[in-house]
Each structure stands twice: as structure tokens, then as C-alpha cells.
Amino acid sequence: MSFQPNPGDELIINGTAYVVGRHPAAPGLAYAQAGRQGIVYQLIAKNGAPHEAKALKVFFPKFRIPAMVYQSEHMETYGDIPGLQVCKRDVLTPERNGSLIAEQPDLLYAVLMPWVHGMTWFDCLTDQRQLEASDSLALARALAGIGSAMEQKGLAHCDLSAPNVMLPFFSEVELPEGTSAVELVDVEQMYSTKMDRPDALLAGSPGYAAHRTVHSGLWSAYADRFAGAIIIGEMLGWSDRVVVDKAWGESYFDQHEMQTPCERYFILRKSLEARWGSKVVELFSRAWDSQDLSSCPTFGEWLVVLNAVTEQEILVEDTETEPAGTDTGDLAAMSGTSSEAVPSLATLAPLKAEQAEMLNQAALEQGERGVTDKLFRQARELEQQNKPAAALEVYRSLYHFVEDGSPLHVEVSAAITGLEEQLNPKMPEQPEKSKAWYRSKMFIVTASAAVVLLAAGIPTVSILADQSNQRQIEAAKQEEALKAAKAAEEKLAAEQEAAQKSLTEKQRQEAEQQAKQQALAAQKQQEEQKKQQALIAQQVKYEAYLAQKEQNKQAAAKLAKQKAYDQQEKYEKYLALKKEQEARAAKEEAARKAAAEAEQKRKDAVQARNKENVLQLISLYNKAYASQEGGSTAKAKSFAKRFRALYDSNPSYYRSVGEVGYRASSIYNFLGDTNFRLPKI
């Protein structure tokens with residue numbers, strides 16, 4: 076791909092001037108992200124705010140499809156759905172952007188759309204960044220809400236995976252109010268009944284594709300259900316340190332483990348049940364054990380269950396659940412005593428299990444009541460707003476949460492039946508005729524008129540009969556005269572026909588005789604012609620043989636001459652190509668050396684910055700420790716948050732430097748529990 080802009084380069088698209096953004100981790104490089112179908116560059120409007128930045132997606136040659144214009148026009152209507160702001164897109168076409176495309180041919184059918192700030196779910200997974208329980212629930216709810224809204228409009232992303240799930244929830248840029256906590260990107264494979272099937276279908280991403288469908292293309296209204304369930308499970312499980320530490324890498328599950336009874340599945344399932352309740356586990360298990368995508372739970376079911384989780388339940392989970400990764404050695408280090416003075420986990424386990432069971436049962440009962448009450452109120456409101464179709468869908472969802480035989484079950488069943496009759500009324504039956512046809516008024520009038528006419532015609536019957544007899548006598552006389560004339564004509568015709576047959580037979584015999592004589596003459600003439608044609612053909616063959624021989628001789632001479640010319644031309648091309656290759660190799664070597672020098676400078680700068688950050692981390696920890704020792708918990712917490720924010724920018728590096736990893740662990744424990752005492756390091 077020849078389009079490789081530098082940071083600060085200016086592009087004018089549809090009359091607006093943009094500059095290419097700088098990568099936050101490498102200011103000398105353009106801010107770009109590579110995907111399956113192309114590369115996305117950040118463009119910043121010269122007169123725009125940071126949150127109004129645009130994304131320019133430049134496709135690889137295989138995916139530069141003219142139908143992208145038609146597809147984007149239909150996607151425009153979906154841009155108002157929370158989480159689908161990238162559907163507000165503009166395609167660069169030769170008609171509107173001809174001059175720009177002439178300068179940069181790779182921009183043909185490139186797409187300009189809003190830039191989504193924040194990390195991806197992929198970044199959160201690979202950094203092994205544990206989330207707060209409230210953050211996990213907020214992200215899962217947001218993704219379920221987006222999927223539910225898309226399903227209601229018959230849409231599906233068709234490539235739902237960690238890299239395609241953006242998290243503005245963690246954006247460092249100040250975003251407008253109402254911004255969705257989750258955004259979906261890379262929507263070129265989106266399914267809709269109004270859009271055409273893509274030429275090249277993706278088979279799903281590893282770690283999120285059901286193994287039963289991974290080898291076939293995904294493009295249907297159910298395509299997101301399995302992958303959505305996996306991501307929601309990851310988001311909810313990412314508040315548990317055990318789940319985070321057990322992750323495979325770029326996703327929680329390895330692709331070979333999908334829909335199998337593997338260790339990671341049981342660990343995540345146990346964590347979901349302990350933290351979020353049995354209904355969440357039921358939905359996740361339905362997706363994991365599903366035989367096809369249509370049998371996976373809908374996003375609407377996920378949203379109903381997640382909305383039933385209350386803030387009190389989250390607080391209970393945070394206070395009652397033991398911090399992940401804490402063992403007897405950690406507890407001893409926190410208290411400053413030896414491990415012998417701390418009770419073993421085996422002693423604490425029965426008490427914690429009993430408390431967890433009681434809390435989970437209470438949360439389950441409270442969640443069910445919350446679901447039924449909320450759905451019932453919502454259905455009633457929709458009925459009052461004269462929206463029977465929407466109310467019927469809510470009643471049907473509520474039906475699954477109501478106990479059979481209960482008063483609410485009877486009331487919901489009656490409401491469903493009434494709304495179905497209202498939406499699908501029966502056609503009124505045709506009324507039966509009250510009178511038989513022979514009793515109708517029309518029949519009586521018609522019959523009466525017929526009787527009157529018959530009565531009026533009786534006096535004229537005798538007169539009509541006499542006239543009829545006279546006409547019959549005259550007709551008989553005329554018929555006899557016609558028969559006699561016809562017989563005479565037939566006799567004359569027979570005589571003429573016999574004479575004609577005699578003449579015809581005589582003419583036929585004469586014609587046959589003449590034909591025989593002509594056939595003999597023609598036969599003799601054909602034999603003479605065949606002899607002459609044979610002589611001519613023999614002469615022609617001989618002359619053709621001589622001509623072909625001469626032609627072959629000339630062709631051989633011409634071929635030899637052409638072969639000599641071709642060899643000379645190939646040799647000249649070889650020399651030119653060799654010279655060009657040598658020049659190109661020299662140029663590439665120079666470019667490689669320059670790139671290596673630039674990369675080394677960048678690494679040196681990053682190393683220097685990391686060293687400075689290590690010093691700053693140590694300073695922030697010391698300040699937090701001093702503030703806590705001085706009795707200022709709020710000030711200590713402020714320094715601890717600054718420490719965590721700086722440490723999370725590059726945890727893999729800082730973890731390997733001296734005691735910084737130990738300091739970070741202490742800071743995380745302090746932020747989780749302000750009663751924790753920071754050790755002096």
C-alpha cells in the first residue's frame with residue numbers, strides 16, 4: 076500500500092481540512108490501527124475539538140468494492156443507534172474526490188467516519204487489567220444494549236470480537252454526555268435485510284467463533300449471539316483476578332477449547348455464578364452448549380438479566396469476596412505477622428461458603444422480583460401508550476420469569492391472549508341469507524310478468540299455425556326443384572372429371588418418358604464433370620504442395636531472425652533490470668539504515684521516558700505512604716490513583732523493574748481497601 080502518511084500531513088476531504096494525528100506512544104509515527112480489511116488513520120480537523128476527530132479507513136485492494144457506496148448509504152440510518160456511531164460514514168468516490176484519489180490511488184472507496192476514543196477490549200484482555208465489579212457490569216450492560224437494539228432492527232455485526240469492541244468508557248479524552256460506554260467498529264460485514272451479501276465472508280475470530288460454524292461464513296441475523304455471549308462473559312469475569320490470570324492471551328478462550336468442557340470454561344462459569352447469579356450462568360451455558368447460533372440467548376435476554384443486578388449486590392460481592400490471588404503468605408505480609416499466626420484457608424472455607432450461599436440466594440430472589448416487577452410495569456405503560464405490539468413482546472419475556480399457576484401468571488397469560496386477538500382480529504363471517512331464492516322479491520316479480528305474457532299470446536296461436544302450414548308446402552316444392560338441378564350438375568361434373576383424368580394420365584406418361592431421357596443425359600454429363608474435377612484437384616494439390624514448401628522455408632528463416640532479435644532484447648532487458656535492482660537495493664538499504672536509526676532513537680526515547688516514570692512511580696508511592704502515615708487517607712488515595720494511572724500505561728515494563736511491581740500490588744490493595752497499610756519500601 077503506497078498511502079503511508081506522516082503525522083501532520085494535510086488532507087482536504089469534502090472541503091474540510093484534516094491533519095494526520097500523531098501516535099501517542101510514538102510521536103514520529105502516524106496514529107494508525109491495522110485490521111483485517113485495511114488500515115485506519117486518525118484525522119483531526121484543523122478547527123475541531125479533540126472528540127470530533129475522524130477515522131479514515133483505507134482498504135486493502137481486495138476489499139475496495141464500489142458497492143461500498145450503496146452499503147454506506149443504508150448504514151447511515153443506523154448511526155443513531157448507541158454504539159454504532161461509525162455507521163455515520165462517507166465513502167471517497169471518483170465523482171466527488173477525484174483529485175485526491177488521483178494523488179493517492181489507495182484512497183479509492185476509502186471510508187471517512189467518526190474516530191472512537193478509548194482502548195479496545197483486546198487491549199484490556201492482553202494487559203490483564205482487572206476491572207472493578209461496577210465497571211464490568213456497566214460494560215456488559217452496554218454491549219447487551221447495543222446487541223438488543225441491533226437485533227430489533229434485524230442487524231448483526233458478523234465479526235464481533237475483542238479488537239472490534241471499543242471502550243470509550245476508559246477514554247482519556249473528554250467526551251460529550253450520552254456517549255455510549257461501548258462502541259462497535261469494523262462494520263463492513265454487517266448483516267441487514269436491506270443490504271447485499273458481501274462477496275468475501277469472514278468465518279469469525281479465534282476465541283469468539285463457535286467451532287461448529289468457524290469454517291463457514293457468518294452473515295445472518297443470529298451471527299453475533301455466540302460471540303456476544305463470550306465477550307459479555309469475559310467482561311463480567313474480568314472483575315475476578317482468578318479469571319484474569321487464567322486467560323489464554325488475545326482472548327480468554329483458546330479457539331481449540333470453544334464449546335468443549337475445558338478448565339477455563341468451568342473457572343469462568345464458577346466465577347459468574349458466585350458473582351452475578353444463576354441466571355447469568357444459565358444464559359452463558361445456553362450459548363456454550365448451543366448446537367447452532369439461533370439457539371443462543373438473545374441480547375435482549377442478557378439485558379433483562381443484567382439490568383436486574385442492583386448496586387447492593389455489587390457491593391455485597393466486593394465486600395464478601397476474598398481478593399483474588401491472596402494466600403496465607405499475602406495475609407501475613409499485610410498484617411506484619413508470620414504465616415503461623417494466620418488461620419489457614421481450609422479453616423475459613425466452610426464459613427465463607429455458607430455466607431456466599433446465603434447471599435447468592437437472597438440476591439437471586441431479589442433479582443427475580445425486580446425483573447418481574449420492572450417488566451410488568453413496562454408492559455402496562457406500553458399498553459397505555461397504545462403500543463400493543465411492543466407490550467406483547469414484553470409480556471412474552473415476562474412469561475418466562477413467572478411461576479406457573481400464580482395470580483401473576485394468570486394475568487400475564489390473559490394479557491398475551493388479549494393482545495394477540497387485538498393484533499390479529501378474526502375476519503367477520505358472511506351473514507346467512509334469510510330467505511330462499513324462490514321467496515325473494517325479484518323472483519316473484521319475474522314470474523308474474525311471465526304469466527301475463529303467456530296469457531296475452533293465447534288468441535294468436537291458431538293464426539300462426541295456418542301461416543306455418545302454407546310456408547311448409549312452398550318450401551317442399553322449392554326443395555324438389557333444387558334436388559333436380561343438383562343431380563344434373565353432378566352428372567356434368569362427373570363427365571368432365573373423367574375427361575380430365577384421361578388427359579392427365581396421357582400427359583404423365585409423356586413426362587415420365589422425357590424425364591428418363593433427361594436423366595440419362597444428365598448422368599453422362601456428371602461423369603464427364605467428375606473426370607475433369609479429378610484432374611483439376613490433382614493439379615491444385617501439387618501447386619499447394621509447392622507453395623507450402625516455399626512458405627515453410629520463408630517462415631523458418633523469419634523465425635531464426637526473430638529468435639536472434641528476442642535473445643538480444645532479453646539480454647538488454649536483463650542488463651536494465653539488473654541495474655534497476657542494484658539501484659533499488661541500494662535505496663532500500665539506505666532506507667533500512669535510516670529506519671533502523673529512527674527506531675533506535677525511538678527506543679532510546681521510550682527507555683528514557685520509562686526510567687523517568689519509574690522514578691516518578693517511586694516518588695508517588697513514597698508520597699502515598701507518607702500521607703497515610705500522616706493520617707491523610709484522601710491525599711494518600713489521590714497519590715495512589717496517580718500511581719495506578721501511570722503504572723497501567725506500561726505494566727509489563729514497570730513490573731520487571733526492582734520493587735515497582737511490589738509497590739503496584741500494595742497500591743492496588745490500598746485502593747481496594749483504604750484500611751490496608753502501605754508497607755515501607
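If you're matching positions, the sequence shown starts at 76 in this note's numbering and goes up one per residue.
Think of the CB as a built atom: it goes at the ideal place given N, C-alpha and C, for glycine as much as any other residue.
Model, not experiment: these values are computed from the prediction.
**Cut-off 6 angstroms between Cβ atoms - residues of its own chain near M241, not counting five sequence neighbours on either side** = V191, G193, T195, E258, V260
**Message:** Using only the alpha-carbon positions, how far apart do S369 and A362 sit?
**Reply:** 10 angstroms
**Prompt:** Okay, do the segment 114-134 and the segment 212-229 touch, 3+ Cβ pairs below 8 angstroms being the bar?
**Reply:** Fewer than three Cβ pairs drawn from the segment 114-134 and the segment 212-229 lie within less than 8 angstroms of each other, which leaves the two stretches out of contact.
**Prompt:** What residue does the alpha helix (DSSP H) around M333 start on, and which one ends it?
**Reply:** Careful: M333 lies outside any alpha helix (DSSP H) and carries neither H nor E.
**Request:** Rounded to whole angstroms, what's the CA-CA distance from S223 to G303? Just pull it up for me.
**Result:** Answer to the nearest angstrom: the Cα atoms are 11 angstroms apart.
**Message:** Going by the DSSP bridge assignment, what does P189 pair with across the sheet?
**Reply:** As a beta-bridge residue in DSSP terms, P189 pairs with K129.
**Prompt:** Going straight from the alpha carbon of V166 to that of Q79, what length do you get?
**Reply:** 19 angstroms
**Request:** Using only alpha-carbon positions, find the residue among E734, Q703, N725, Y153 that is nearest to L753.
**Result:** When the alpha-carbon of L753 is set against those of E734, Q703, N725, Y153, the nearest one is in Q703.
**Request:** Starting from the Cα of V380, find the closest Cα among D234, D748, D155, D448 and give me that residue.
**Result:** D448
**Prompt:** Over what stretch of residues does the beta strand (DSSP E) that includes L212 continue unbroken?
**Reply:** Element bounds for L212: not the beta strand (DSSP E) but the alpha helix (DSSP H), 208-227.
**Message:** Can you list, in chain order, the residues of its chain with a C-beta nearer than 6 angstroms to that of L183? Leave out the 5 residues immediately preceding and following it.
**Reply:** R139, I176
**Prompt:** Within 10 angstroms of its Cβ, does D271 collect 16 or more other Cβ (buried), or is it exposed?
**Reply:** Answer is exposed; the Cβ neighbour count stays below 16.
**Request:** Would you mind giving the Cβ-Cβ distance between A231 and A284, rounded to the nearest angstrom? I have them listed as a contact below 8 angstroms.
**Result:** Not a contact, Cβ separation roughly 14 angstroms.
**Residues near V94 in its chain [Cβ-Cβ closer than 6 angstroms; skip 5 each side]** = G83, E85, I119
**Message:** Measuring only the C-alpha atoms, how far is P180 from E247?
**Reply:** 34 angstroms
**Message:** Rounding to the nearest angstrom, what Cα-Cα distance links Y617 and L595 in this structure?
**Reply:** 34 angstroms
**Asked** Can the beta-carbon of C162 be found less than 8 angstroms from the beta-carbon of M143?
**Response** no
**Message:** I want to know whether the segment 694-709 touches the segment 666-678 - three or more CB-CB distances under 8 angstroms.
**Reply:** Too few Cβ pairs lie closer than 8 angstroms, so no.
**Request:** Assign N688 to one of two classes, buried (16 or more other C-beta atoms within 10 Å of its C-beta) or exposed (fewer than that).
**Result:** When all chains shown are included, N688 counts as buried.
**Prompt:** Among P372, F751, N685, A660, which has the Cα closest to the Cα of Y729?
**Reply:** Here the closest residue by C-alpha is N685.
**From K129, G493, L343, residue whose alpha carbon lies closest to that of I87** = Nearest in C-alpha terms to I87, of all of K129, G493, L343, is K129.
**Asked** Under a Cβ-count criterion, where at least 16 other Cβ atoms within 10 Å of its own Cβ denotes burial, should A573 be classed as buried or exposed?
**Response** exposed
**Prompt:** By Cβ distance, which residues of its chain are closer than 6 angstroms to H126, with the 5 residues on each side in sequence left out?
**Reply:** Same-chain partners within the cutoff: V248, L250.
**Request:** May I have the straight-line CA-CA distance separating E148 from A680, to the nearest angstrom?
**Result:** Put simply, the backbone Cα of E148 is about 45 angstroms away from that of A680.
**Request:** Look at the alpha carbon of P281 and the alpha carbon of A383, and state the distance between them as a whole number of angstroms.
**Result:** 31 angstroms
**Rounded straight-line distance, which links the Cα of L159 to that of Y153** = About 7 angstroms.
**Prompt:** Rounded to the nearest angstrom, how far is the Cβ of Y722 from that of L690, given a contact under 8 angstroms?
**Reply:** Between Y722 and L690, the beta carbon gap of about 13 angstroms keeps them out of contact (Cβ cut-off 8 angstroms).
**Message:** In this structure, how does DSSP classify A651 when only helix, strand and coil are distinguished?
**Reply:** helix
**Item:** Whole-angstrom distance between L104 and D641, CA atom to CA atom
**Value:** Within the model, the alpha-carbon separation for D641 versus L104 is close to 48 angstroms.
**Asked** If we count the other Cβ atoms within 10 Å of its Cβ and call it buried at 16 or more, is R452 buried or exposed?
**Response** Flag for R452 reads exposed.
**Nonlocal neighbours in the same chain, by C-beta distance under 7 angstroms from S741, ignoring five residues either side** = Apart from sequence neighbours up to five positions away, the residues of its chain that approach S741 with a beta-carbon distance below 7 angstroms are L753, P754, ordered along the chain.
**Request:** Evaluate K762 with the Cβ neighbour count: other Cβ atoms within 10 Å of its Cβ, from every protein chain shown; 16 or more gives buried, anything less gives exposed.
**Result:** The requested residue 762 is not part of the displayed model; the chain covers only 76 to 756.
**Message:** Taking only three categories from DSSP, how would you classify I156?
**Reply:** coil
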